[in-house]
Amino acid sequence: IDMYVGGTDDLMGFILMFPFLSAEDKEKQRAVIVQKATSRYFPAYEKVLKDHGQDFLVGNNFSWADVHLLEAILMVEEKKSDVLSGFPQLQAFKARISSIPTIKRFLEPGSQRKPVPDDKYVETVRRVLCMYYDIKAN
Numbered sequence: 001i002d003m004y005v006g007g008t009d010d011l012m013g014f015i016l017m018f019p020f021l022s023a024e025d026k027e028k029q030r031a032v033i034v035q036k037a038t039s040r041y042f043p044a045y046e047k048v049l050k051d052h053g054q055d056f057l058v059g060n061n062f063s064w065a066d067v068h069l070l071e072a073i074l075m076v077e078e079k080k081s082d083v084l085s086g087f088p089q090l091q092a093f094k095a096r097i098s099s100i101p102t103i104k105r106f107l108e109p110g111s112q113r114k115p116v117p118d119d120k121y122v123e124t125v126r127r128v129l130c131m132y133y134d135i136k137a138n
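Mapping of the sequence shown onto UniProt numbering: residues 1 to 138, in sequence order.
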């Protein structure tokens, strides 16, 4: 489980600072995110799901690794909506995990799932960090 979560953590690391980038850097980083996801991370998860033929990443039990992979998929899809087009196992995985009642409720609008950071959020974070570190904002 930890190995799979570590892999999705690595992928998410390419995405976390995305809202704070300049417009030019966002386009470059979007390309990096999609390239890394489709050439390195998603093929590995696709192979695991195909090879063991179970519904979940680890055996046939729902785990933290499944939740983490779903969140990584959703984060990458926010950057490129059709990113799973070449990954049928991951498409089926996403549908399966998203249909679990508690997960389904969590993904519905108005749930506790945090939205994609908008400009107001980015400005607030910058202002708070500048106050905390006593530095000037850009």
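From the three backbone atoms N, C-alpha and C, an ideal C-beta is built for every residue, glycine too.
- Taking the CA atoms as reference points, I97 sits about 30 angstroms from V122.
- In the DSSP annotation of this structure, the continuous segment of the alpha helix (DSSP H) that includes R105 starts and ends at 101 to 107.
- For F42, the uninterrupted alpha helix (DSSP H) segment begins and ends at 42 to 52.
- In the DSSP assignment, A65 falls within the alpha helix (DSSP H) that extends over 64 to 77.
- Closest in C-alpha terms to E71, from the list K104, P19, R127, comes K104.
- In this structure, Y45 lies near L90, with their beta-carbon atoms less than 8 angstroms apart.
- Membership of R113 in any alpha helix (DSSP H) is not indicated, and neither H nor E is assigned to it by DSSP.
- When only Cα atoms are considered, D118 and P19 end up about 7 angstroms apart.
- Between Y4 and K28, the alpha-carbon positions lie close to 26 angstroms from each other.
- In this structure A65 is buried. Its beta-carbon is surrounded by 16 or more other beta-carbon atoms within 10 angstroms.
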